[in-house]
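Trainee: Next up is a structure, given as structure tokens.
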Amino acid sequence: METSPSSGSDEKDPCRAPLLERRRQLTDELASSPYDLILFLERAVVYSNLAYPDLAAGDAYRALLLTDEVRDEGFEYHDQAREALDKYASEPCPEVLRHGSLADVDAAPDVDMVDGHSVDGPHPRQQLATLASVRCFQVLSLSLLLCGCLKTALSFCERGLAVVPTNTELNEIKTYIEQVARRKLRKGPEESIDRQDLPDRGVVRREIYPWNTYEPDRFSEESLSFLNQRLTTMAPKCEVRVSSLPVLLEGESETDGYEVIPTCDQLGLFAKEDIAPGEVVLKEYSLLTANNRLKESTCDACGTELPPLSSNSQAVSCPECYDTVFCDEFCYSQAEKQYHPAICEKEVDSIAKDPDSKDIDQSLYLLLLSRLLAMSTHQDIHPLEVEEVKYIWGDFVPTEQNDIDLSVNAGPPPEWTLPFSFKYNIETPLHLLEKMDIDIYDTLDRHDLWVFNTAYSKFRGTASARKNPRDGRPDVAAVHPFWCLANHDCDPNVTWEWGGRMLLSARETRVVGKGPGGIKAGEEILNHYCDVDLPVQKRREWAQGSLGGWCMCKRCRDEAAYLSNGENR
Ligand SMILES: C[S@@+](CC[C@H](N)C(=O)[O-])C[C@H]1O[C@@H](n2cnc3c(N)ncnc32)[C@H](O)[C@@H]1O
1 METSPSSGSD EKDPCRAPLL ERRRQLTDEL ASSPYDLILF LERAVVYSNL AYPDLAAGDA
61 YRALLLTDEV RDEGFEYHDQ AREALDKYAS EPCPEVLRHG SLADVDAAPD VDMVDGHSVD
121 GPHPRQQLAT LASVRCFQVL SLSLLLCGCL KTALSFCERG LAVVPTNTEL NEIKTYIEQV
181 ARRKLRKGPE ESIDRQDLPD RGVVRREIYP WNTYEPDRFS EESLSFLNQR LTTMAPKCEV
241 RVSSLPVLLE GESETDGYEV IPTCDQLGLF AKEDIAPGEV VLKEYSLLTA NNRLKESTCD
301 ACGTELPPLS SNSQAVSCPE CYDTVFCDEF CYSQAEKQYH PAICEKEVDS IAKDPDSKDI
361 DQSLYLLLLS RLLAMSTHQD IHPLEVEEVK YIWGDFVPTE QNDIDLSVNA GPPPEWTLPF
421 SFKYNIETPL HLLEKMDIDI YDTLDRHDLW VFNTAYSKFR GTASARKNPR DGRPDVAAVH
481 PFWCLANHDC DPNVTWEWGG RMLLSARETR VVGKGPGGIK AGEEILNHYC DVDLPVQKRR
541 EWAQGSLGGW CMCKRCRDEA AYLSNGENR
């Protein structure tokens, strides 16, 4: 059973509380009736009303898959989906299907159904499945349009129109999609639009969802002592503490020359003892890694480049699925312990591999999600409870700041920040789970879309990637949950290197003033996420895209204030 933590935004907006309660009820009902497509559709509508169009699309897609299950006897969950729908067949049409001109569907001719499955007669169940599929197409196309995924929105809209060409809502949605496409592509009303040019990536809310009970209080004694206990072997001279960080600004500001600037509390890594120049600060092993090459030459577990095969190579192949190679016995045993049995011989190897160059980043994040799902499945815990992700901060924005204000005095809409696409957030993760022989309906608690989105938020702020030296394309990525606790500074006191283990070492010399390196007890470990040789403007542009705002570290502020004083002289 889900509990709903109270959310500040509910008090501000009384309409949200009943919707959140309805969402909770429907989620509980789905836990006991997981193949009920009507419940999924109802929850999709609640998500739409709560302004989570991505989550609405996720539920409508599961409902659509279930309509296929109902229709096709050969499908795996046919019996369960049919039985769940039969509950509604003898009753008046469920409320969620009585929408606008949806009743047209009853009159539709012996419909040649979605995905080419034909209806085997006018059985009420089949009619209901047809009606439900059209409702799914409506919710999917409108929600994906709102998420900025126009190409996929249009394709679902057209699939719906193929079933009921005169449906008013679908025709309206098609017009909206075309209007938005014209605006985005700067096309006049008479100019034709090439479907291939339609944008298919958007942004959605990045937040700790009001019902997410998995996020720990990262500042509590309990969390800090857990993290510090783990840190003793990796970084014996460091500790995790609360750190006061500059608030990232949206752009240039007058505050560069100020002594005091706004700050916020986050976590950071601090030296407990003096650390000498060149000394290793942290050495971390993580197998939350990803590789997007189909024929990879890296260890499946730690991502290290494998040495050429030779008689003294220590590389080990899994004896069951021979293609999976590990750099040595240690990595193989760790993989066996933490994730590999969940995907061994499961044909997941080719998913998201060798992507188009425009999809490289999304494919790497998807492969990290895939590893996380294998870890949680093998360890039999919720994905957000996996130690490697549990304590990561996902740069979440407060729920109330993400909310859409529908009042007449509303300001501009909020800027959502989590990159989203139908393919990488909804379709492929579900496909991957199916390949892992996981029932995507019966495990909703662990594999709901909001769980994937939360994991993506965490990966996006913390994963490091490595470029392939042969063509410069990023092809390996990893999340090192302790390394990523060290905050960024453009005058870092450490350097980092990832090759099987993530290594942080104290710098021999500092960037600013070329002063001596080394870190004194009590000082914060200052990492660098960008190339610190870039000029201040470029570093700040990088921070805007990567940290989510203008870098306000001392070096950036000093350099920017110096430049602007020069201009004013
Ligand atoms: C890899 S995490 C660092 C650890 C993080 N502070 C925590 O509490 O887990 C990166 C996030 O920390 C924050 N951060 C790191 N360096 C920063 C800096 N120099 N100024 C402001 N925020 C910073 C940003 O929110 C960034 O997205």
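Note that full-length UniProt numbering has the sequence shown beginning at 1, numbered continuously upward. Note that the Cβ used here is the ideal one computed from N, Cα and C, for glycine as well.
Provide the residue(s) that pair with D289 in DSSP beta bridges, ordered along the chain.
Mentor: Taking the first residue of the sequence shown as 1, we reach residue 289 at position 289. This sequence places Thr at residue 289; Asp is not what is there. According to DSSP, T289 bridges with A478.
Trainee: In chain order, what are the residues with a CB under 7 Å from some non-hydrogen atom of ligand 1?
Mentor: Per the Cβ criterion, the list is R218, S243, L245, P246, L248, Q266, L267, G268, I392, W393, D395, G461, T462, C484, L485, A486, N487, H488, D489, L547, G548, C551, M552, C553.
Trainee: Check whether the region 226-241 touches the region 272-284, counting contact only when three or more Cβ pairs, one atom from each stretch, lie closer than 8 Å.
Mentor: yes
Trainee: For F40, which residues of its own chain have a beta-carbon under 6 Å away from its beta-carbon, when the five flanking residues on both sides are left out?
Mentor: Taking the first residue of the sequence shown as position 1, residue 40 is located at position 40. If we look at F40 and ignore the five residues flanking it on each side, its Cβ neighbours are D59, R62, A63.
Trainee: Label L142 either buried or exposed according to how many other C-beta atoms from any shown protein chain fall within 10 Å of its C-beta, with 16 as the threshold for buried.
Mentor: Counted from its first residue, the sequence shown places residue 142 at position 142. It is buried - the Cβ of L142 has at least 16 other Cβ atoms within 10 Å.
Trainee: Do you know how far the Cα of P216 is from the Cα of L384?
Mentor: Counted from its first residue, the sequence shown places residue 384 at position 384. Counted from its first residue, the sequence shown places residue 216 at position 216. Looking at the two C-alpha atoms, the distance is approximately 10 Å.
Trainee: Out of N487, H447, A301, L430, state which residue places its alpha-carbon closest to the alpha-carbon of V247.
Mentor: Taking the first residue of the sequence shown as position 1, residue 247 is located at position 247. Here the closest residue by C-alpha is N487.
Trainee: Unbroken alpha helix (DSSP H) runs of length 4 or more, entirely within the region 195-268: which are they?
Mentor: Scanning the region 195-268 from its first residue to its last, the whole alpha helix (DSSP H) runs of 4-plus residues come out as 221-234.
Trainee: Which whole-angstrom value is the C-beta distance of C321 and C344, which I expect to be below 8 Å?
Mentor: For the purposes of this step, residue 321 is taken as the residue at position 321 of the sequence shown. For the purposes of this step, residue 344 is taken as the residue at position 344 of the sequence shown. At roughly 5 Å, the Cβ-Cβ gap stays under 8 Å, so C321 and C344 are in contact.
Trainee: Do you know whose CA, among A543, P516, H378, E523, lies nearest Y529's CA?
Mentor: Your numbering for residue 529 matches position 529 in the sequence shown. Of the candidates A543, P516, H378, E523, the one whose C-alpha sits nearest the C-alpha of Y529 is A543.
Trainee: Classify A506 as helix, strand or coil using the three-state DSSP reduction.
Mentor: For the purposes of this step, residue 506 is identified with residue 506 of the sequence shown, where counting begins at 1. In the structure shown, A506 sits in a strand (DSSP, three-state: E or B).
Trainee: How would you call T509, buried or exposed, if buried means at least 16 neighbouring beta carbons within 10 angstroms?
Mentor: As a working mapping, residue 509 is identified with position 509 in the sequence shown. Counting Cβ neighbours within 10 Å, T509 comes out exposed, since fewer than 16 surround it.
Trainee: Since N487 sits in a beta bridge, which residues does DSSP pair it with?
Mentor: On the sequence shown, residue 487 is found 487 positions in, with the first residue counted as 1. Answer is L526, bridged to N487.
Trainee: Would you identify the three-state DSSP class for P14, choosing helix, strand or coil?
Mentor: Working through the sequence shown from its first residue, we reach residue 14 at position 14. Note: P14 maps to coil in three-state DSSP.
Trainee: Take the Cβ of Y562 as the centre, count every other Cβ of all protein chains shown within 10 Å, and call the residue buried at 16 or more, exposed below.
Mentor: Position 562 of the sequence shown, counted from the start, is the residue given in the question as residue 562. With fewer than 16 other Cβ atoms within 10 Å, it is exposed.
Trainee: Taking only the alpha-carbon atoms, compute the straight-line gap between Q338 and Y332 and give it to the nearest angstrom.
Mentor: Looking up residue 338 in the sequence shown gives position 338. Looking up residue 332 in the sequence shown gives position 332. Rounded to whole angstroms, Q338 to Y332 spans 10 Å at the Cα level.
Trainee: What do you get for L37, buried or exposed, if any count of 16 or more other CB atoms within 10 angstroms of its CB means buried?
Mentor: Translated into positions along the sequence shown, residue 37 becomes position 37. Its Cβ being crowded by 16 or more others within 10 Å, L37 is buried.
Trainee: May I have a chain-ordered list of the alpha helix (DSSP H) segments no shorter than 4 residues that lie completely inside the region 297-348?
Mentor: 329-338
Trainee: Kindly give me the distance between the Cβ atoms of W393 and R557, rounded to whole angstroms, as I take these residues to be in contact under 8 Å.
Mentor: Residue 393 sits at position 393 when you count from the first residue of the sequence shown. Residue 557 sits at position 557 when you count from the first residue of the sequence shown. At roughly 23 Å, the Cβ-Cβ gap does not stay under 8 Å, so W393 and R557 are not in contact.
Trainee: Where T324 and L504 are concerned, what is the direct C-alpha to C-alpha distance, given to the nearest angstrom?
Mentor: Residue numbering aside, residue 324 sits at position 324 when the sequence shown is read from its first letter. Residue numbering aside, residue 504 sits at position 504 when the sequence shown is read from its first letter. Rounded to whole angstroms, T324 to L504 spans 29 Å at the Cα level.
Trainee: Apart from the five residues just before and just after V536, which ones in its own chain have a Cβ nearer than 6 Å to its Cβ?
Mentor: The count along the sequence shown starts at 1 and reaches residue 536 at position 536. Only C556, E559, A560 meet the Cβ criterion.
Trainee: By how many angstroms is the C-alpha of C264 removed from the C-alpha of E305?
Mentor: Mapped onto the sequence shown, residue 305 falls at position 305. Mapped onto the sequence shown, residue 264 falls at position 264. Between E305 and C264, the C-alpha separation is close to 39 Å.
Trainee: Exposed or buried, which one is I173 when buried takes at least 16 other CB atoms within 10 Å?
Mentor: On the sequence shown, position 173 is the one that residue 173 refers to. By the 10 Å Cβ count, I173 comes out buried.
Trainee: Is V494 buried or exposed, if buried means 16 or more other CB atoms sit within 10 Å of its CB?
Mentor: Stepping through the sequence shown from its first residue, residue 494 is reached at position 494. That one is buried.
Trainee: May I ask you to list the residues that DSSP assigns as paired with I275?
Mentor: Here residue 275 refers to the residue found at position 275 of the sequence shown. Paired residue(s): I519.
Trainee: Which whole runs of the alpha helix (DSSP H) in the region 344-420 are 4 residues long or more, in chain order?
Mentor: 360-379, 387-390, 399-402
Trainee: So V494 is in the beta strand (DSSP E); what residue range does that whole segment cover?
Mentor: Within the sequence shown, numbered from 1, the residue matching residue 494 stands at position 494. 494-499 is the extent of the beta strand (DSSP E) around V494.
Trainee: To which residues of the same chain is residue 600 closer than 8 Å at the C-beta, ignoring the five residues directly before and after it?
Mentor: Only positions 1 to 569 of the chain appear in the structure, and residue 600 is not among them; the question remains open.
Trainee: Here's a check: name, in chain order, each residue in its chain whose Cβ is nearer than 7 Å to the Cβ of L485, leaving out the five neighbours to either side.
Mentor: Looking up residue 485 in the sequence shown gives position 485. Setting aside the 5 residues that flank it on each side, L485 is surrounded in the same chain by V240, L267, G268, L269, each with a C-beta closer than 7 Å to its C-beta; the list follows chain order.
Trainee: Excluding sequence positions up to five away, which residues of its chain have a Cβ less than 8 Å from the Cβ of G515?
Mentor: Numbered from its first residue, the sequence shown carries residue 515 at position 515. Closer than 8 Å at the Cβ level, and outside the excluded window around G515, lie T509.
Trainee: Tell me which residue opens and which closes the alpha helix (DSSP H) that R71 is part of.
Mentor: Here the question's residue 71 lines up with position 71 in the sequence shown. 53-71 is the extent of the alpha helix (DSSP H) around R71.
Trainee: Can you tell which of S407, L227, T255 has its C-alpha closest to the C-alpha of E387?
Mentor: Start at 1 with the first residue of the sequence shown, and residue 387 comes out as number 387. The shortest Cα separation from E387 among S407, L227, T255 belongs to L227.
Trainee: So, using beta-carbon positions, are Y391 and P481 closer together than 8 Å?
Mentor: Translated into the one-based positions of the sequence shown, residue 391 becomes position 391. Translated into the one-based positions of the sequence shown, residue 481 becomes position 481. For the pair Y391 and P481, the CB atoms are nearer than the 8 Å cut-off.
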